[in-house]
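Here is the structure we will look at, set down as structure tokens.
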Amino acid sequence: MTGVDMRHVPYRGSAPALIDLLSGEVQVMFDLLPASIGYIRGGKLRALAVTTSMPSEALPGLPTVNKFLPGYEASTWNGVVVPKNTSTEIIDKLNRHINAGLADPNIKARLTDLGATSLPQSSADFGKLIADETEKWGKVIRTANIKAQ
0 MTGVDMRHVP YRGSAPALID LLSGEVQVMF DLLPASIGYI RGGKLRALAV
50 TTSMPSEALP GLPTVNKFLP GYEASTWNGV VVPKNTSTEI IDKLNRHINA
100 GLADPNIKAR LTDLGATSLP QSSADFGKLI ADETEKWGKV IRTANIKAQ
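Under numbering that gives the first Met the number 0, the first residue of the sequence shown is numbered 0, with each subsequent residue one higher.
Okay, here's the thing in structure tokens:
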């Protein structure tokens, strides 16, 4: 979106990448907040912004990238999926119980403390999220001519 040319360094996870960032071996990193929030809170790393569309509850006051680059949004998410032919009854029951857990104040507080955000939603909304994210990142891959290595 900006035309900035950055070199991707394929680390085997956040831990070795954070070591190089903290030592000055690399100058910038896009990382998952739960992996780096301790260093940010401890003053060892300076967070510039979050890549999600909404500010982080864990780091209030930290801007979003889309404040400076309208339309930018990148986030990771986790969800529960089931085999294709699972009955609607089972899907609805799982969805109800998972959403109840995500609404629990203790679980929500713990996720926030880790830098994560809970997104309770219907199974249809989750399916739409998967489809939208697949389309979005597919376009990025095609536009940037990214190839598997």
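Every residue gets a Cβ at the ideal spot worked out from N, C-alpha and C, and that includes glycine.
Collapsing the DSSP output to three states places T142 in a helix. For L61, the closest C-alpha among the options V79, S22 and I39 is that of I39.
The distance from the Cβ of K107 to that of S117 is about 6 Å, consistent with a contact at the 8 Å cut-off.
With 16 or more other CB atoms across the displayed protein chains lying within 10 angstroms of its CB, V49 is buried. Between L93 and V79 a beta carbon distance of about 7 Å is seen, short of the 8 Å cut, so the two are scored as contacting. Residue state for T63 is assigned as strand, using DSSP reduced to three classes. G137 counts as exposed, since fewer than 16 other C-beta atoms from the protein chains shown sit within 10 angstroms of its C-beta. Every alpha helix (DSSP H) of 4 residues or more that sits fully in the stretch 12 to 63 is shown, in chain order, as 13 to 22 and 32 to 40. For E88, the enclosing alpha helix (DSSP H) begins and ends at T87 to A102.
The distance from the Cβ of T1 to that of L47 is about 14 Å, inconsistent with a contact at the 8 Å cut-off.
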